[in-house]
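Trainee: Under the numbering used here, read the sequence shown as residues 43 to 90, first letter to last. Backbone N, C-alpha and C define an ideal beta-carbon position, used for all residues, glycine too.
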Amino acid sequence: MYNENLEKLIEMALMDGELTEKEKQVLFKNAEALGIDLDEFEMVLEAN
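1) Return helix, strand or coil for Leu-61, following the three-state DSSP convention.
2) Please list, in chain order, all residues of the same chain as Asn-90 whose beta carbon is under 8 Å from its beta carbon, the five residues on each side excluded.
3) Determine the extent of the alpha helix (DSSP H) in which Asp-81 is found, giving its start and end residues.
4) I'd like the list of long-range same chain contacts for Asn-72, defined as Cβ closer than 7 Å, with 5 residues on each side in sequence excluded.
5) When the Cα atoms are used, what is the spatial distance from Lys-66 to Glu-46?
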């Protein structure tokens, strides 16, 4: 759905079943740099 690097970051962040605040910050920073709508991105993260 997203850039391959961002997909890998998402996978690693969710690997332990918990999304920490730091992981979320890193993911949002990367998503924003790619021009991804952050509200949409947050919905996708919460669905996982």
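Mentor: Considering the structure as presented:
1) In this structure, Leu-61 counts as coil in the three-state DSSP scheme.
2) Cβ-Cβ distances below 8 Å link Asn-90 to Ile-52 and Leu-56 in the same chain, with the five nearest sequence neighbours on each side left out; the list follows chain order.
3) Looking at the DSSP string, the run of the alpha helix (DSSP H) that includes Asp-81 is 80 to 89.
4) Result list for Asn-72: Leu-48 and Leu-51, in chain order.
5) Put simply, the backbone Cα of Lys-66 is about 17 Å away from that of Glu-46.
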